[in-house]
Amino acid sequence: MHPFQYTEPQTLAEAVALLTAAPPVDARIIAGGSDLLDEVKEGIIAPGRVVSLAGVPDLDGIAETDGGLSIGAMTTIADLAAHPVIRAGYTALAEAAGGLATPQIRNVGTLGGNLNQRPRCWYYRHPLTPCLKKGGDRCYALAGNTKYLCVTGGDRCYIVHPSDTAVALSVMEATIEVAGADGSRTLPIGDFFVGPGVDVTRETALEPGEVVTRINLPRPAALGAGGQPPGSVYLKAREREAGDFALVSVAARLGIADGVIQQAAVALGGVAPVPYRARAVEEYLQGRAISAVDAAHAGTLALPDARPMTDNGYKVVMANNLVKQAVARLTAG
Ligand SMILES: Cc1cc2nc3c(=O)[nH]c(=O)nc-3n(C[C@H](O)[C@H](O)[C@H](O)COP(=O)(O)OP(=O)(O)OC[C@H]3O[C@@H](n4cnc5c(N)ncnc54)[C@H](O)[C@@H]3O)c2cc1C
Ligand code: SF4
Numbered sequence: 000m001h002p003f004q005y006t007e008p009q010t011l012a013e014a015v016a017l018l019t020a021a022p023p024v025d026a027r028i029i030a031g032g033s034d035l036l037d038e039v040k041e042g043i044i045a046p047g048r049v050v051s052l053a054g055v056p057d058l059d060g061i062a063e064t065d066g067g068l069s070i071g072a073m074t075t076i077a078d079l080a081a082h083p084v085i086r087a088g089y090t091a092l093a094e095a096a097g098g099l100a101t102p103q104i105r106n107v108g109t110l111g112g113n114l115n116q117r118p119r120c121w122y123y124r125h126p127l128t129p130c131l132k133k134g135g136d137r138c139y140a141l142a143g144n145t146k147y148l149c150v151t152g153g154d155r156c157y158i159v160h161p162s163d164t165a166v167a168l169s170v171m172e173a174t175i176e177v178a179g180a181d182g183s184r185t186l187p188i189g190d191f192f193v194g195p196g197v198d199v200t201r202e203t204a205l206e207p208g209e210v211v212t213r214i215n216l217p218r219p220a221a222l223g224a225g226g227q228p229p230g231s232v233y234l235k236a237r238e239r240e241a242g243d244f245a246l247v248s249v250a251a252r253l254g255i256a257d258g259v260i261q262q263a264a265v266a267l268g269g270v271a272p273v274p275y276r277a278r279a280v281e282e283y284l285q286g287r288a289i290s291a292v293d294a295a296h297a298g299t300l301a302l303p304d305a306r307p308m309t310d311n312g313y314k315v316v317m318a319n320n321l322v323k324q325a326v327a328r329l330t331a332g
């Protein structure tokens, strides 16, 4: 393994300084290490410095705030899945967290690491293929096996976004707090992830030296006298029952009052380089009486702009079926 300097800052400011210190080296954040160390061991990256967030205070834990929930980036996936408030009020997030990877990875992996993990594209993960994402001059996947690539949103690079929690957070109006050398900023989750059309070498809007510190979730509001807080669900299709990434996943969240859908948010994973908002499904559901909802029809609206490749047309069928199931579940008596 390529040797690197390992650092354990005790403050956020120290962590940011270590990520940007001169002379410049390839400095990387490590949280649980379940993805970063794989990349180092597989020879995909060779950082000069690794900056642990383990000793930085206030990055861990889930706190109820006036506005909702604030989740520290170092909170483990297992803690997220088990938290009673998340299970009750943000069910899709608990289901996404509880069903990802393996118990061992959920125990060490963090929410910040899950959102910032790198893509699983075979060619990206192979040390001998210097593809566009690694600064090379071509995409090797297009001429290879396209089974796991995106069906929409590709632009020179055709990865799918790998994080289950990101898809669930996308239907919850989550915001991402980020700290860097110039202070802190907060991004809506839809602006946090960037596709290859913006920058083929990265998947988030993070600038060099920036750290995700917290993920905030607004409290689900009850919808008038005849309404309940929105209910949500996360469904995932994968090849193996455990320890496997989504072929396709869906997070759906519906707020229903007096038998009418007042709020609809639906997002898909496994189909695009970023979590994909299924706007056509949302438009169909918004304002519709649940007695008039045709879940199968909603499913057909999942991916109107899909352009499948030779080996991944199955993703469109899967997305249709998962959306149908999610809508049927949330609108059932
Ligand atoms: C066998 C296997 C199966 C898996 N299955 C799934 C699955 O089904 N679904 C799924 O979603 N994931 C899956 N994963 C991925 C796994 O969930 C991630 O590896 C894990 O969540 C990463 O968390 P970590 O804390 O270990 O991150 P690390 O490995 O420490 O970091 C991951 C990346 O995020 C960056 N990073 C970490 N924290 C921050 C931060 N606070 N701010 C900015 N950047 C940061 C690091 O620099 C690194 O690039 C799987 C992984 C394996 C090995
Ligand atoms: S899809 Fe993206 S990550 Fe995969 S080989 Fe092509 S450029 Fe590289």
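Residue numbers (numbering that gives the first Met the number 0): 0 to 332.
Note that the Cβ used here is the ideal one computed from N, Cα and C, for glycine as well.
1) What does the alpha-carbon distance come out to for the pair residue 112 and residue 252?
2) Assign residue 265 to one of three DSSP states: helix, strand, or coil.
3) Please work out which residues of its chain come closer than 7 Å, Cβ to Cβ, to residue 281, disregarding the five sequence neighbours upstream and downstream, and give them in chain order.
4) Do three or more CB pairs link the segment 71 to 81 to the segment 136 to 149 at distances below 8 Å?
5) Could you check how far apart the C-beta atoms of residue 138 and residue 127 are, in whole angstroms? I think they sit under 8 Å.
6) Can you tell me whether DSSP reads residue 5 as helix, strand or coil?
7) Please report the distance separating the alpha-carbon of residue 115 from that of residue 293.
8) Are there any heavy atoms of ligand 2 lying less than 7 Å away from the beta-carbon of residue 147, as far as the coordinates show?
9) Should residue 11 and residue 180 be called a contact, given that it needs their Cβ atoms to be closer than 8 Å?
10) Would you mind listing the alpha helix (DSSP H) stretches within the segment 7 to 41 that are 4+ residues and don't spill past its ends, in chain order?
11) Have a look at the DSSP bridge pairing and note the partners of residue 194.
12) Residue 53 and residue 164 - do their beta-carbons sit closer together than 8 Å?
13) Applying the 10 Å Cβ sphere with the 16-neighbour rule, what's the burial state of residue 60?
14) If you draw a straight line from the C-alpha of residue 333 to the C-alpha of residue 300, how long is it?
15) Which whole-angstrom value describes the C-beta separation of residue 203 and residue 192, a residue pair presumed to lie in contact below a C-beta threshold of 8 Å?
16) Starting from the N-terminal side, write out each stretch of the beta strand (DSSP E) that is 3 residues or longer and does not extend beyond the segment 216 to 246.
17) Just curious, the beta strand (DSSP E) that residue 282 is in, first and last residue?
18) So residue 155 packs on residue 199, CB below 8 Å; how close in whole Å?
19) Which value, in whole angstroms, describes the spacing of the CA atoms of residue 85 and residue 167?
20) Is DSSP giving residue 43 helix, strand or coil here?
21) Pull up the distance between the alpha-carbon of residue 82 and that of residue 94, whole angstroms please.
22) State the CB to CB distance for the pair residue 67 and residue 217, rounded to an integer number of angstroms; the pair is presumed to be in contact (CB under 8 Å).
Let me lay it out:
1) Approximately 24 Å between the Cα atoms of the pair.
2) DSSP, reduced to helix, strand and coil, places residue 265 within a strand of the structure shown.
3) Taken in chain order, the residues that qualify are 263, 264 and 265.
4) Counting C-beta pairs with one atom in each stretch, the segment 71 to 81 and the segment 136 to 149 have fewer than three that are closer than 8 Å, which means they do not touch.
5) Actually they are not in contact, since the Cβ atoms of residue 138 and residue 127 sit about 15 Å apart, beyond 8 Å.
6) It is a strand residue.
7) Approximately 36 Å, taken between the alpha carbons.
8) False, no ligand heavy atom lies under 7 Å from that Cβ.
9) No, these two residues do not count as a Cβ contact at 8 Å.
10) Correct list: 11 to 19 and 35 to 40.
11) Bridge partners of residue 194 according to DSSP: none are assigned.
12) One thing to note: residue 164 has its Cβ no nearer than 8 Å to the Cβ of residue 53.
13) Classification for residue 60: exposed.
14) Not covered by the structure: residue 333. The range shown for the chain is 0 to 332.
15) Indeed they touch by this definition, with Cβ atoms about 6 Å apart.
16) Restricting attention to beta strand (DSSP E) runs no shorter than 3 residues, the segment 216 to 246 encloses them at 230 to 236, ordered along the chain.
17) For residue 282, no beta strand (DSSP E) run applies; the uninterrupted alpha helix (DSSP H) run containing it begins and ends at 278 to 284, by DSSP.
18) Between residue 199 and residue 155 the Cβ distance is about 6 Å, and since that is below 8 Å, they are a contact.
19) The alpha-carbon atoms of residue 85 and residue 167 are separated by roughly 12 Å.
20) DSSP, reduced to helix, strand and coil, places residue 43 outside both helices and strands of the structure shown, so it counts as coil.
21) Straight-line Cα distance between these residues: approximately 11 Å.
22) Contact holds; Cβ gap of about 4 Å.
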